[in-house]
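In UniProt numbering, the protein residues as written are 1 to 353.
Okay, structure first, notes after.
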Amino acid sequence: MPDELPHPLLQEDEEQSLCFRGPWAWLVLILICCIGIGLIMWLFRKCVQGPYYRKKTRIDGKVVIVTGCNTGIGKETALELARRGGRIYMACRDAARCEAARLEIIERTQNQNVFNRTLDLASLSSVRQFSERFLAEEQRLDILINNAGIMATPHKLTVDGFEQQFGVNHLGHFLLTNLLLERLKSSAPSRIVVVSSAAYICGRINKDDLNSEKHYSKFLGAYCQSKLANILFTRKLAELLKNSGVTVNCVHPGIVRTELGRYSIATHWFNAIWLRVFGCFVKTPKAGAQTSLRVALDPALEKCSGEFYADSMRFPLLSKAKDKEMADWLWQESEKLVGLQRENAVQTIVVNQ
Ligand SMILES: *[C@@H]1O[C@H](CO)[C@@H](O)[C@H](O)[C@H]1NC(C)=O
């Protein structure tokens with residue numbers, strides 16, 4: 001009996017050192033779980049944030065306009081383009097916030113060529129004023145980024161009496177782009193980027209009630225219609241710009257944590273909780289800017305026009321977004337609404353004389 005006593009003890013000792021029994025086993029298990037969860041979350045986050053534009057493309061001296069860029073995706077887009085050497089015109093509605101963002105961008109990029117300009121897309125005369133001043137100031141325009149947008153706002157009319165979301169997201173940019181088009185052409189190769197949204201999928205161009213006068217639905221109606229309009233505009237413009245050296249593409253930036261949703265959620269505390277919970281399912285503004293940046297910068301996309309990009313990749317469009325007849329109709333209608341047709345007619349007469 002006494003002989004056998006040390007034996008099991010020894011065995012236990014050996015086992016303990018080999019297999020991490022007891023508290024050690026738990027610790028190791030917890031550690032492995034933590035690393036595993038961390039890895040999964042990291043990968044998930046990577047997927048949600050999407051690919052970054054990492055090419056070293058420089059745009060020294062090139063002239064850029066970004067609309068709606070005092071915050072969110074627009075600000076990140078302007079910042080990155082400033083970092084790469086562009087002359088950046090920040091076109092914002094709120095002059096004070098524009099200036100604050102401008103100073104921050106200058107400080108972070110050490111690029112002094114960043115300028116504040118007032119542009120209220122809800123006012124056609126503001127769009128005209130902005131364009132006139134810009135055309136007088138700069139002899140070229142290399143990149144135009146139609147970034148500004150509003151989402152699911154309460155029913156309200158623009159200065160000119162258009163439903164706000166259609167007016168700002170589509171008509172304001174429609175006029176702006178048209179007024180700057182000759183300058184873009186004479187600066188070719190140049191690019192236009194239109195920030196649209198995958199929400200176009202739910203959109204329908206309401207031919208009978210484009211302005212939501214009979215019925216207003218803030219998201220599925222007016223917002224989605226305006227985003228579909230952005231794409232139809234892009235497609236028609238790409239056709240008009242064929243062989244001009246100016247390309248135009250539209251992007252879905254992703255679901256981004258910006259102030260865009262400021263109207264859509266009712267209360268403050270609900271907003272706070274919502275942001276906590278869904279924070280990891282949405283992109284940061286910086287990640288949200290990447291698709292716009294790739295479409296604006298990537299030399300590989302030099303010839304690409306009339307396409308739709310999301311997560312920096314080209315995506316096929318639903319047939320309603322490729323509807324040529326609808327794109328033609330919307331273009332003509334928009335020309336009438338912003339008063340471009342008259343001018344074009346006048347220009348043609350002048351040219352003919
Ligand atoms: C806009 O920028 C200029 C400098 O370029 C500055 O003097 C001016 O105060 C800025 N505007 C506003 C409203 O802050």
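From the three backbone atoms N, C-alpha and C, an ideal C-beta is built for every residue, glycine too.
7 Å Cβ cutoff met for residue i and residue j
| i | j | result |
| --- | --- | --- |
| L180 | L232 | no |
| G203 | L228 | yes |
| A188 | V246 | yes |
| I143 | R102 | no |
| S312 | Q290 | yes |
| H252 | A287 | no |
| V195 | T234 | no |
| K62 | G36 | no |
| D120 | R93 | yes |
| N70 | C98 | yes |
| S305 | V248 | yes |
| E76 | P285 | yes |
| T118 | A96 | no |
| S226 | H155 | no |
| K185 | S244 | yes |
| R314 | E307 | yes |
| K242 | A327 | no |
| L340 | N178 | yes |
| F174 | S334 | yes |
| Q49 | K283 | yes |
Rounded Cβ spacing between residue i and residue j (contact assumed at less than 8 Å)
| i | j | result |
| --- | --- | --- |
| R83 | T109 | 5 Å |
| A310 | F219 | That pair is no contact at about 19 Å. |
| residue 355 | A91 | The structure shown has nothing for residue 355, since the chain only spans 1 to 353. |
| V127 | G172 | 6 Å |
| S123 | T158 | 7 Å |
| F134 | Y89 | 6 Å |
| L330 | F162 | 14 Å between Cβ atoms; not a contact. |
Check: residue i C-beta below 6 Å from any heavy atom of ligand 1
| i | result |
| --- | --- |
| A198 | no |
| N116 | yes |
| A95 | yes |
| residue 408 | Nothing in the structure corresponds to residue 408, since the chain is present only between 1 and 353. |
Delimiting residues of the alpha helix (DSSP H) encompassing residue i
| i | result |
| --- | --- |
| H173 | H173 to S186 |
| A25 | P23 to Q49 |
| L241 | L241 -> no alpha helix (DSSP H), and no H or E assigned at all. |
| C98 | A95 to T109 |
| T77 | G72 to R83 |
| V194 | Here V194 belongs to no alpha helix (DSSP H); instead the beta strand (DSSP E) covers S190 to V195. |
| T291 | Q290 to L297 |
| V338 | K324 to V338 |
Minimum Cβ-Cβ distance from residue i to chain C less than 7 Å
| i | result |
| --- | --- |
| N146 | Absence of chain C from the displayed structure is noted, only one protein chain being present. |
Span of the beta strand (DSSP E), counted from its first residue to its last, around residue i
| i | result |
| --- | --- |
| M90 | R87 to C92 |
| A136 | Premise fails: A136 lies in the alpha helix (DSSP H), L124 to E137, not in any beta strand (DSSP E). |
| L144 | I143 to N146 |
| T118 | V114 to T118 |
| I201 | No beta strand (DSSP E) holds I201; DSSP gives it neither H nor E. |
State whether the segment 129-149 contacts the segment 51-67, with contact taken as three or more CB pairs (one from each stretch) at a distance under 8 Å.
-> yes
The segment 319-339 / the segment 98-115 touching (three or more Cβ pairs under 8 Å) | no
Assess, as a yes-or-no matter, whether the segment 43-55 is touched by the segment 296-308 under the definition of 3 or more beta carbon pairs within less than 8 Å.
-> The segment 296-308, when compared against the segment 43-55, does touch it at the 8 Å Cβ threshold.
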